[in-house]
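Taken in order, these protein sequences are the chains called A and B.
My numbering runs 459 ahead of the 1-based position in the first sequence.
My numbering runs 240 ahead of the 1-based position in the second sequence.
Right, one structure below, let's go through it.
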Amino acid sequence: MTLSSDQGITTARKTRTARWINKSNRSVYYLLGIIVVAVTIMALLDPNFFTARNLFNILNQQSTLGIVTMGVAIALIAGCIDLTVGNLLACTAAIAALLLQAGVSDVWVIVLPCAAGLLAGAVNGVIVVKTRIDSFIATLGLMTIYQGIALIIPSGNNIYLQGKFGWIGTYRVADIIPIPVFYFVLITILVYLVMRYTKFGRKLYSIGGNPEAAFLAGINLDLHKIMAYAISGLCAGFTSLIVISRIGQSQPAMGVAYPLEAIAAAVIGGVSLSGGKGTIPGVFLGAILLGLIRNSLNILRVPSFYQYVMLGVVVIIAVALSNLGAARRNR
Amino acid sequence: MQLLLEVKGCSKSFPGVKAFNKVDFDLYAGEIHCVVGENGAGKSTFIKMLSGALRPDEGTITIGGQVYMHLTPALAHHLGIQTIYQEISLAPDLTVAENIFMGAEPITRFGWIDYPRLKKESKTLLDNLQIDLDVDALAGNLNVPQKQSVQIAKAMRMDARIFILDEPTASYGTNEISNLLGLVKQIADKGVGVIYISHHLEEVFSLYDRVTVLRDGNKIATHDQSEVSEEKIISEMIGRDVSKFYTRASVDIDYSRAVEFLDFSNGEAVKDVSFKVHKGEIVGFAGMVGSGRTDLMRLIFGAGIKNSGSVIIEGKEVSIHSPKQAIQAGLSLLTEDRQKTGLILDHPVEWNVSIVHLNNTSGMFISEREESREVSHYIEAINIRTPSLKQEVRNLSGGNQQKVVLAKWLYANANVIIFDEPTRGIDIGAKEEIYKLMVQLSRQGKYIVMISSDMPELIAMCDRVIVMRQGKIVGEIGQDQLSEESILTYSIGGTL
């Protein structure tokens with residue numbers, strides 16, 4: 460439409476974006492700052508830290524959690540908590556290992572577990588959406604169901620890959636860059652593009668930000684939540700391939716720590732548990748920061764029992780800082 | 241008679257509004273004192289001051305001979321002031337008896353709750369008030385009037401001396417209303433002073449000992465029973481100089497083209513509503529709060545579950561079962577609560593403006609450059625004052641937030657625009673800008689529906705006003721007869 464100016468409604472207003480970019484990406488800059496400081500301190504403390512090998516190690520170690528976190532973050536942005544990813548990952552790992560044992564070609568060993576993850580995620584989404592149970596509770600129940608399935612599929616056994624399938628998780632490009640780092644970075648870029656430049660991504664932000672307003676704007680809430688859960692399941696399914704390839708076996712109890720660590724990484728990266736907020740670069744850095752701290756504590760020879768305590772403290776401090784910032788803004 | 245309460249010269253200001261202006265009020269034991277006024281007359285400010293939720297800027301409140309500058313909720317409670325609001329505050333999983341004695345349960349020697357006594361005393365209390373309810377029933381299973389009576393019983397248990405009822409019958413049927421009115425009379429007979437706030441004049445007339453009329457925060461008059469007529473009270477409730485209000489430019493209406501809404505019902509709040517809007521026409525919806533106007537618009541927009549109802553746009557029927565279909569048919573709904581249902585407060589202005597357009601056009605991708613350009617265009621066209629496109633909507637003023645909501649529907653190319661309380665809570669300057677925009681839109685040939693509880697606004701803006709009451713259309717007023725008297729008469733159940 461056009462509105463004529465004789466109604467006294469004209470204002471030329473320069474709307475520039477610079478200020479908001481600083482603001483919305485503040486948590487990204489925070490994190491970058493913290494990471495730079497941590498890396499500098501560690502580099503000064505220990506000469507072995509700041510080597511290409513160790514830095515790639517950190518990335519490599521975080522790649523599996525990082526990929527899972529991308530899926531969990533997508534669901535969180537849409538206002539959905541997904542606690543199933545860890546046990547679901549154990550299920551798809553068992554499927555992959557059984558397929559390998561049966562001598563199926565590598566292509567199918569990649570495709571089928573990913574498809575299973577996607578499908579299971581969609582089922583999670585349907586259950587959350589149709590039963591109207593709070594997503595935390597619904598996926599808590601589902602998590603236990605997958606825990607059972609992860610035991611049922613391989614009859615409770617570890618399944619050894621006997622040297623097959625090693626390339627997907629342990630190959631190093633140019634003998635130095637571990638291939639999972641490539642997956643992690645590629646998936647991060649893909650998710651970033653989807654969340655920022657597609658209508659699908661924007662809809663997820665809208666649904667998480669205000670479901671009622673999104674509904675009245677013509678968005679199909681249920682469909683998009685189901686899709687968010689499906690993507691989260693797909694990420695878990697793909698991650699299971701890297702994990703079994705690395706450790707040479709599938710274990711029914713693997714992955715149990717993933718859901719909470721992934722949520723922690725996403726929240727450190729600026730994602731809000733109530734949905735609608737957070738950027739993918741932030742989530743990426745959140746996952747990196749967790750790995751960096753763990754690696755640093757290892758290098759400093761902090762006993763692993765204490766590492767858990769330290770990690771918990773870091774998570775609480777990071778989230779408290781971002782909450783305090785939000786509270787100040789809304790006052 | 242014993243004087244229970246005396247309010248002297250109480251005032252209260254909010255930024256930009258004098259909500260309550262040097263009001264005097266008194267209440268005697270055993271009296272039912274009704275308070276009437278339009279929406280925004282200061283009734284709720286008055287209640288909040290008496291229940292201790294608001295502090296008066298000046299004036300005194302005298303209770304039982306003691307003079308107070310202001311009350312607190314605890315003090316009000318201590319002095320025996322009990323307020324019954326429209327919203328029910330019972331614990332749904334506890335029984336009637338447990339709710340009545342919540343926080344003051346009789347206990348046995350060993351500190352356990354004495355259930356036999358709890359039940360017996362509840363039963364006695366209910367019998368005294370002639371309330372017929374099972375004390376073992378769960379509060380959650382009761383209907384609204386029953387819950388209301390439990391709340392009243394609970395308040396009586398707490399030795400209420402001053403009883404305030406705020407629009408208690410908003411969602412009642414006729415039968416239930418007469419039950420409640422009977423209960424209120426009984427309470428007064430027991431020597432309690434009752435302040436009864438309502439905009440249903442027939443209730444007031446069947447109940448009152450005295451009635452006080454408020455308008456724009458001022459007390460207009462207090463009348464004794466039998467000295468006043470309904471017409472007199474209506475004229476006192478209105479009494480505003482309408483000519484000072486906004487004067488809009490006139491627009492030619494194309495009567496050959498119309499959007500028709502037929503037989504909308506949802507079985508409860510909306511009953512068999514049909515109306516039509518012509519091209520370029522602004523049709524107002526008046527009625528008291530709770531008359532079903534908002535529910536009707538949500539039904540039309542596909543956001544509620546309807547039993548029946550069809551939309552015919554310029555002769556062609558369109559099927560609408562979801563907001564998405566409504567949007568594709570060219571409808572738009574600016575909801576009454578823009579912060580809760582119209583905007584995503586944490587998201588930037590830009591995202592809020594483009595949301596409907598993006599979600600209802602083809603293509604998968606977002607071009608940020610095009611988005612910024614288009615949104616900038618609307619921001620300039622309707623003069624949204626924001627430091628940047630990226631500003632979070634939360635930080636804008638109410639008027640600018642409303643314009644963001646409007647911009648999103650304009651960008652979505654809406655043809656039928658439903659405004660629900662478009663100027664609620666925004667300042668007078670921004671109101672006029674919204675009015676101007678509405679007139680411009682009608683000039684462009686849009687179909688405009690406007691719900692408002694602000695009668696001068698309806699009269700100034702609308703070509704025609706439809707009045708709803710209890711889910712039905714009870715009157716339609718053309719411009720020649722449009723006045724606050726005619727609207728109010730229909731709204732409270734009268735006829736012209």
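Glycine included, C-beta positions come from ideal geometry on N, C-alpha and C.
These numbers were taken from a predicted model, which means no experiment stands behind them.
Rounded C-alpha distance that separates residue i from residue j
| i | j | result |
| --- | --- | --- |
| residue 769 of chain A | residue 585 of chain A | 37 Å |
| residue 706 of chain B | residue 681 of chain A | 36 Å |
| residue 710 of chain B | residue 504 of chain B | 14 Å |
| residue 684 of chain B | residue 518 of chain B | 13 Å |
| residue 704 of chain B | residue 695 of chain B | 13 Å |
| residue 525 of chain B | residue 353 of chain B | 52 Å |
| residue 675 of chain A | residue 582 of chain B | 8 Å |
| residue 480 of chain A | residue 548 of chain B | Annotation note: pLDDT 43 at residue 480 of chain A (below 50); position unreliable, coordinate value reported separately. Near 48 Å, if we compare the C-alpha coordinates of residue 548 of chain B and residue 480 of chain A. |
| residue 251 of chain B | residue 286 of chain B | 9 Å |
| residue 722 of chain B | residue 455 of chain B | 20 Å |
| residue 492 of chain B | residue 681 of chain B | 12 Å |
| residue 496 of chain B | residue 688 of chain B | 16 Å |
| residue 592 of chain A | residue 575 of chain A | 23 Å |
| residue 495 of chain A | residue 626 of chain A | 32 Å |
| residue 701 of chain A | residue 630 of chain B | 40 Å |
| residue 470 of chain A | residue 626 of chain B | Note that residue 470 of chain A scores 33 on pLDDT, short of 50, meaning its location in the model is unreliable; the coordinates nonetheless yield the value given after this. In a straight line, the C-alpha of residue 470 of chain A is about 11 Å away from that of residue 626 of chain B. |
| residue 459 of chain B | residue 295 of chain B | 18 Å |
| residue 518 of chain A | residue 637 of chain A | 9 Å |
| residue 653 of chain A | residue 654 of chain B | 28 Å |
| residue 758 of chain A | residue 508 of chain A | 8 Å |
| residue 713 of chain A | residue 546 of chain A | 7 Å |
| residue 572 of chain A | residue 755 of chain A | 34 Å |
| residue 618 of chain B | residue 641 of chain B | 13 Å |
| residue 578 of chain B | residue 723 of chain A | 33 Å |
Anticipated Cβ contact below 8 Å, residue i with residue j, distance rounded
| i | j | result |
| --- | --- | --- |
| residue 711 of chain A | residue 553 of chain A | 7 Å |
| residue 448 of chain B | residue 702 of chain B | The Cβ separation is near 33 Å, so there is no contact. |
| residue 734 of chain A | residue 668 of chain A | 7 Å |
| residue 656 of chain B | residue 536 of chain B | Actually they are not in contact, since the Cβ atoms of residue 656 of chain B and residue 536 of chain B sit about 14 Å apart, beyond 8 Å. |
| residue 323 of chain B | residue 406 of chain B | 7 Å |
| residue 396 of chain B | residue 437 of chain B | At roughly 19 Å, the Cβ-Cβ gap does not stay under 8 Å, so residue 396 of chain B and residue 437 of chain B are not in contact. |
| residue 526 of chain A | residue 698 of chain A | 5 Å |
| residue 677 of chain B | residue 622 of chain B | 6 Å |
| residue 568 of chain B | residue 600 of chain B | 6 Å |
| residue 721 of chain A | residue 544 of chain A | 6 Å |
| residue 276 of chain B | residue 263 of chain B | Wrong, their Cβ atoms sit about 14 Å apart, outside the cutoff. |
| residue 479 of chain B | residue 282 of chain B | Wrong, their Cβ atoms sit about 14 Å apart, outside the cutoff. |
| residue 267 of chain B | residue 433 of chain B | 4 Å |
| residue 269 of chain B | residue 290 of chain B | So it is not a contact: roughly 16 Å between Cβ atoms. |
Opposing strand residues paired with residue i [DSSP bridges]
| i | result |
| --- | --- |
| residue 709 of chain B | B/712 |
| residue 250 of chain B | B/263 |
| residue 323 of chain B | B/404 |
| residue 332 of chain B | BP columns for residue 332 of chain B are empty, so no partner. |
| residue 526 of chain B | B/707 |
| residue 378 of chain B | B/335 |
| residue 498 of chain B | B/518 |
| residue 631 of chain A | A/637 |
| residue 504 of chain B | B/513 |
| residue 718 of chain B | B/704 |
| residue 689 of chain B | B/523, B/658 |
| residue 588 of chain B | B/632 |
| residue 556 of chain B | B/553 |
| residue 564 of chain B | Answer is none; residue 564 of chain B lacks a bridge partner. |
| residue 462 of chain B | B/452 |
Chain E contact for residue i (CB, 7 Å cutoff)
| i | result |
| --- | --- |
| residue 600 of chain B | No chain E appears in the structure shown, which is made up of the protein chains A and B. |
| task | Enumerate, from N- to C-terminal direction, the unbroken alpha helix (DSSP H) stretches of 4 or more residues contained entirely within the stretch 432–460 of chain B. | result | DSSP runs (the alpha helix (DSSP H)) wholly in the stretch 432–460 of chain B: 441–447.
| said: Just to confirm the assignment: which complete beta strand (DSSP E) runs, minimum length 3, are found wholly within the stretch 641–725 of chain A? | reply: Complete beta strand (DSSP E) runs here, min 3: none at all.
| query | Which parts of the stretch 276–321 of chain B are runs of the beta strand (DSSP E), unbroken and 3 residues or longer, counting only runs that do not cross its ends? | reply | The qualifying runs are 298–303, 306–308.
| query | Should the stretch 611–623 of chain B be called in touch with the stretch 563–579 of chain B, which here means at least 3 C-beta pairs below 8 Å? | reply | no
| said: With three or more C-beta pairs closer than 8 Å as the rule, is the stretch 646–661 of chain B touching the stretch 582–600 of chain B? | reply: Contact between the stretch 582–600 of chain B and the stretch 646–661 of chain B is present, because at least three Cβ pairs lie under 8 Å.
| Would you call the stretch 372–381 of chain B and the stretch 330–342 of chain B touching, i.e. three or more CB-CB distances under 8 Å? | For the pair of segments examined, the stretch 372–381 of chain B was found to touch the stretch 330–342 of chain B: the number of CB pairs separated by less than 8 Å reaches three.
| message | At 3 residues or longer, what runs of the beta strand (DSSP E) sit wholly inside the stretch 470–544 of chain A? | response | If we require 3 residues or more, the stretch 470–544 of chain A turns out to have no beta strand (DSSP E) run fully inside it.
| field | Given 8 Å, three or more beta-carbon pairs between the stretch 605–622 of chain A and the stretch 552–566 of chain A | value | yes
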